[in-house]
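Working notes, structure below.
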């Protein structure tokens, strides 16, 4: 089975209120010493509730998380879902600690938020420098392609084939479209590619081909982020995440000179840009985002944190609706360890 993380955003884009019930004593005792540590933050989203589940496609998870290039994007890596155990005490405490720092950084002023970083963030601000989309994509060599048109086998959100995303039950569960625009639904399947690798609908090798920005020469990496964008109902889905940095670690780059990475490279920035560009085009407010879905999670540490989070709730990972975890409310003492750890373990690049 493939695992998914399903987060509901109830307030502004990536900035939500805290709701839910009391935190466990487990959280209070375990975090008293660890909260004193400073951990560097990589991303900023705060969610109020989340679902952990297997999708409805009876396959191992991870089918879409590490796709590579040439028609290539439709080629799957070997699925892997092997969480034999939960997270170690050290990894769990690190995730909870980082989650707390992220929450504080979101709720505090920019001046106070930078104190949650060690070392301090660039330019001494926690705000992303990338706000002007789609212009920022053009500046940093990103190209958007319509996945549904290029690869018909990747339009499927049901469980009808092994090529599907397998999110149909979850999407039905929150009463939103579970079909791509090509199939009559509301989901546009976007691929942001670092480089013009698919101009004309066919793959062209553009690895390390030069482009200019601010008088400096960079090279295309063919990193790519595939997402499902439903602006009508406020849903953004992370379907395949392969950052430029991760792409350069592939064997196909082994004998090639590696270019300098673009500054616009994190999934959090790129997916925000996709959402902002599409909502602007649809004349919809960006803050209309209600749900953020991550499908096909293959990161080992994230899998282990998910297992431990479910166990802490007295549950095991299972098909939708899976395990619902509320963040908490009112104060740090009222936050759930499971929710804080999931937030803290969020990866901004793949």
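Residue numbers (our numbering): 27 to 376. Glycine included, every Cβ here is placed at the ideal spot set by N, Cα and C.
Excluding its 5 nearest sequence neighbours in each direction, residue 235 has C-beta neighbours in its own chain below 8 Å: 221, 245, 246, listed in chain order.
The beta carbon of residue 207 is closer than 6 Å to those of 214 in its chain, skipping five residues each way along the sequence. In this chain, the beta strand (DSSP E) harbouring residue 267 covers 261-268.
In the three-state reduction of the DSSP assignment, residue 346 falls in the coil class, being assigned neither a helical nor a strand state. The alpha-carbon separation between residue 154 and residue 184 amounts to approximately 35 Å.
Look at residue 229 here: in three-state DSSP terms it is coil, with no helix or strand label. When secondary structure is reduced to three states using DSSP, residue 236 falls in the strand class.
Contact between the stretch 326-346 and the stretch 280-287 is not established, with fewer than three Cβ pairs separated by less than 8 Å. Judged by their CB atoms, residue 293 and residue 312 are not nearer to each other than the 8 Å cut-off.
Check the Cα spacing between residue 229 and each of 261, 367, 173: the tightest is with 173.
In this structure, DSSP gives residue 246 a state outside helix and strand, which the three-state scheme calls coil.
Between residue 354 and residue 362, the gap from beta carbon to beta carbon is short of 8 Å.
Linking residue 303 to residue 339 through their CA atoms gives a straight-line distance of about 38 Å. Residue 150 has its alpha-carbon roughly 41 Å from the corresponding atom of residue 341.
Per DSSP, the unbroken beta strand (DSSP E) holding residue 169 starts and ends at 168-172. Residue 140 is not bridged by DSSP to any residue. Within the stretch 281-360, the complete beta strand (DSSP E) segments of 3 residues or longer fall at 317-321, 349-352, listed in chain order. Residue 254 sits away from residue 269, with the two beta carbons spaced by 8 Å or more. Residue 121 is not a Cβ neighbour of residue 364, given a cutoff of 8 Å.
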